[in-house]
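To start, the structure itself, in structure tokens.
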Amino acid sequence: MLEEKKHFFRDQLLDWYQPEDRPLPWKNDKNTYAIWVSEIMLQQTRTDQVRPYYQRFFKYFPDLQSLAEANEDTVLHFWQGMGYYNRARNLLKAAKHIYFEFEGRYPEDYHAWIGIPGVGPYTAAAITSFSYNQPNAVLDGNVFRVLSRYFGVNTPIDSQEGKKLFQELSYQLLDKNNPGLYNQAIMDFGATVCKARNPKCEICPFQQNCTAILEDKVAFYPVKQKRTQKKKVKLYYLHLTDGKRVFIKKRSTSGIWPGLYEFPDFESRAKMIGDLQLLFPKEKIKLKKTADLRHQLTHRDIKAIIYQCHLNTTDLEKKKDWLLVETENLTNFAFHQLMKKYFRIFNH
DNA sequence: ATCCAGGATC
DNA sequence: GATCCTGGAT
368 MLEEKKHFFR
378 DQLLDWYQPE
388 DRPLPWKNDK
398 NTYAIWVSEI
408 MLQQTRTDQV
418 RPYYQRFFKY
428 FPDLQSLAEA
438 NEDTVLHFWQ
448 GMGYYNRARN
458 LLKAAKHIYF
468 EFEGRYPEDY
478 HAWIGIPGVG
488 PYTAAAITSF
498 SYNQPNAVLD
508 GNVFRVLSRY
518 FGVNTPIDSQ
528 EGKKLFQELS
538 YQLLDKNNPG
548 LYNQAIMDFG
558 ATVCKARNPK
568 CEICPFQQNC
578 TAILEDKVAF
588 YPVKQKRTQK
598 KKVKLYYLHL
608 TDGKRVFIKK
618 RSTSGIWPGL
628 YEFPDFESRA
638 KMIGDLQLLF
648 PKEKIKLKKT
658 ADLRHQLTHR
668 DIKAIIYQCH
678 LNTTDLEKKK
688 DWLLVETENL
698 TNFAFHQLMK
708 KYFRIFNH
């Protein structure tokens, strides 16, 4: 009975799948490089958001060599606003490894790909099935959702047991003759029909067999056990300018927004003033609050308070790791979304 | 305003 | 098990 249900699932899924129904830029790029780059971008990121980034990135870095020879600032510049910036740094590190150490030869199988920075179980399965047609089953959020609903699996997907169970199930279901096509099919199905919210059960080809539909518990799946709670954090940013130039600094490569640029930040308004007084005469320092922004990360709830301080050209000196940049040249630097949000508001 | 989806790393 | 981001749904 269960075997029958599995076979039915695979056959129906492949029957349903029409690749051209969901055209994506990277689907036409059949080479390993393009597949790898797109899969890294697609980690934790929706296709609609990736699309414009992928096109700009690919135009500028059309092959392994062009990426391997790039520097981190340039790669982050193309990545700015897309989030999870260690993906970009790992991608560059990996490109240099493959190009310079492996003489441009890509890893040959799943386990070799796992050894590449930024490539985990999902990405290794995606690359080796799409590019080499090797029989590795992808296990991403779509697959967890589709399988948990169809088979009515209520083991939490974020438990060790759940990961193992779903990995085995998805491997059994995989069409070993056409793993790339099958993997693409199940993820497209999850993204367009068996969606997390507002699933299109009324047009679903599995209506008669899906456990979740039959039990009227579609929204119950997939089952998860833990959710992270957010800590509240306050950040004080200094918008220090003479009207034509502005100070920015680069964030460290650990912690949030690694390697991205932003205004100098402080723990408190008092520390900001204290630092300013070391550099400029007290009477010239006038702070004006120009923004109060909220920004949410996975487990941080950031309240960013931005103060503007106008000083004369002659007053501005270079300090430690601060960079004095012409306002019109700000576009040369990679900023995170909180800064971009501020620029948008401020330029109005 | 709050909640949530989506993989890798150490 | 904690830490990395953003945008979209509600």
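Each step along the first sequence adds one to the number in the numbering used here, with nothing skipped, and position 191 is 558.
Here a beta-carbon is modelled for each residue, glycine too, at the ideal position from N, C-alpha and C.
These numbers come from a predicted model, not from an experiment.
I'd like the list of long-range same chain contacts for residue i, defined as Cβ closer than 8 Å, with 5 residues on each side in sequence excluded.
{"i": "G471", "result": "L431, Q432, I465"}
{"i": "D476", "result": "T495, Y499, Q501"}
{"i": "R661", "result": "D668, I669, K670, A671"}
{"i": "F556", "result": "L380, W383, Y384, N509, V513"}
{"i": "D659", "result": "K670, A671, I672, I673"}
{"i": "T414", "result": "L391, A558"}
{"i": "E582", "result": "G519"}
{"i": "K324", "result": "Only positions 368 to 715 of the chain appear in this structure, which leaves residue 324 out of reach."}
Let's see if you can read the secondary structure: which residues bound the alpha helix (DSSP H) around residue i?
{"i": "I481", "result": "477 to 481"}
{"i": "I402", "result": "399 to 409"}
{"i": "N379", "result": "The sequence shown places Gln at residue 379, not Asn. Counting along the chain, the alpha helix (DSSP H) containing Q379 begins and ends at 369 to 383."}
{"i": "L705", "result": "704 to 713"}
Could you tell me how far apart the beta carbons of residue i and residue j are, in whole angstroms, since I believe they sit closer than 8 Å?
{"i": "K597", "j": "D525", "result": "Contact flag wrong, Cβ pair sits at about 18 Å."}
{"i": "I652", "j": "Q644", "result": "7 Å"}
{"i": "M706", "j": "E629", "result": "5 Å"}
{"i": "N576", "j": "K372", "result": "6 Å"}
{"i": "Y517", "j": "T595", "result": "The Cβ separation is near 28 Å, so there is no contact."}
{"i": "G487", "j": "A461", "result": "Contact flag wrong, Cβ pair sits at about 12 Å."}
{"i": "T399", "j": "Y473", "result": "5 Å"}
{"i": "L678", "j": "F647", "result": "6 Å"}
{"i": "T657", "j": "F713", "result": "7 Å"}
{"i": "V585", "j": "I570", "result": "Contact doesn't hold; Cβ gap of about 14 Å is too wide."}
{"i": "L325", "j": "P631", "result": "This structure cannot settle anything about residue 325, because the visible part of the chain is limited to 368 through 715."}
Can you name, in chain order, every residue of its own chain whose Cβ lies under 6 Å from the Cβ of residue i, other than the five neighbours on each side?
{"i": "G547", "result": "S496, F497, N500"}
{"i": "A493", "result": "E406, V505"}
{"i": "F633", "result": "Y603, M639"}
{"i": "T441", "result": "none"}
{"i": "K601", "result": "K670"}
{"i": "K463", "result": "A435"}
{"i": "Y538", "result": "A504"}
{"i": "I402", "result": "I494, F497, S498"}
Starting from the C-beta of residue i, find all residues in its chain whose C-beta is less than 7 Å away, skip the five residues before and the five after it, and write them out in chain order.
{"i": "Y716", "result": "Past the edges of the chain, shown from 368 to 715, lies residue 716, and the structure says nothing about it."}
{"i": "G448", "result": "Q704, K707"}
{"i": "L541", "result": "P502, A504, Y549"}
{"i": "P589", "result": "F511, R512, S515, I524"}
{"i": "F702", "result": "Q447, L627, Y628, E629"}
{"i": "K397", "result": "none"}
{"i": "L409", "result": "V417"}
{"i": "S635", "result": "Y603"}
{"i": "T480", "result": "Contrary to the premise, residue 480 reads as Trp rather than Thr in this sequence. Closer than 7 Å at Cβ, skipping near neighbours: P474, V486, A491, I494, T495."}
{"i": "F428", "result": "L434, A437"}
{"i": "K543", "result": "P502"}
Extract the residue ranges of the beta strand (DSSP E) inside the stretch 644 to 694, only unbroken runs of 3 or more that lie entirely within it.
Listed in chain order, they are 654 to 663, 667 to 677, 690 to 693.
Output the residue ranges of the alpha helix (DSSP H) runs that lie fully inside the stretch 566 to 616 and measure 4 residues or longer, sorted by chain position.
Counting whole runs of 4 or more residues, the stretch 566 to 616 contains the alpha helix (DSSP H) stretches 578 to 581.
Along the chain, which unbroken stretches of the alpha helix (DSSP H) at least 4 residues long are found entirely within the stretch 428 to 512?
Entirely contained in the stretch 428 to 512, the alpha helix (DSSP H) runs reaching 4 residues are, in chain order, 431 to 435, 439 to 446, 453 to 463, 477 to 481, 488 to 499.
Are the stretch 529 to 541 and the stretch 503 to 519 in contact at 8 Å, needing three or more beta carbon pairs?
Touching, yes.
Three or more C-beta pairs under 8 Å: does that hold for the stretch 369 to 381 against the stretch 539 to 553?
Touching, per the Cβ criterion.
Entirely within the stretch 537 to 563 and at least 4 residues each: give me those alpha helix (DSSP H) ranges in chain order.
Runs of the alpha helix (DSSP H) lying entirely within the stretch 537 to 563, each at least 4 residues long, are 546 to 559 in chain order.
Contact between the stretch 608 to 615 and the stretch 692 to 704: three or more CB pairs below 8 Å?
Between the stretch 608 to 615 and the stretch 692 to 704 there are three or more inter-stretch CB-CB distances shorter than 8 Å, so the stretches are counted as touching.
Between the stretch 447 to 460 and the stretch 623 to 638, are three or more C-beta pairs nearer than 8 Å?
The stretch 447 to 460 vs the stretch 623 to 638: in contact.
Stretch-stretch touch, CB-based, cutoff 8 Å, three pairs: the stretch 386 to 404 with the stretch 418 to 427
Look at the beta carbons and you see the stretch 386 to 404 touching the stretch 418 to 427: at least three pairs across the two are nearer than 8 Å.
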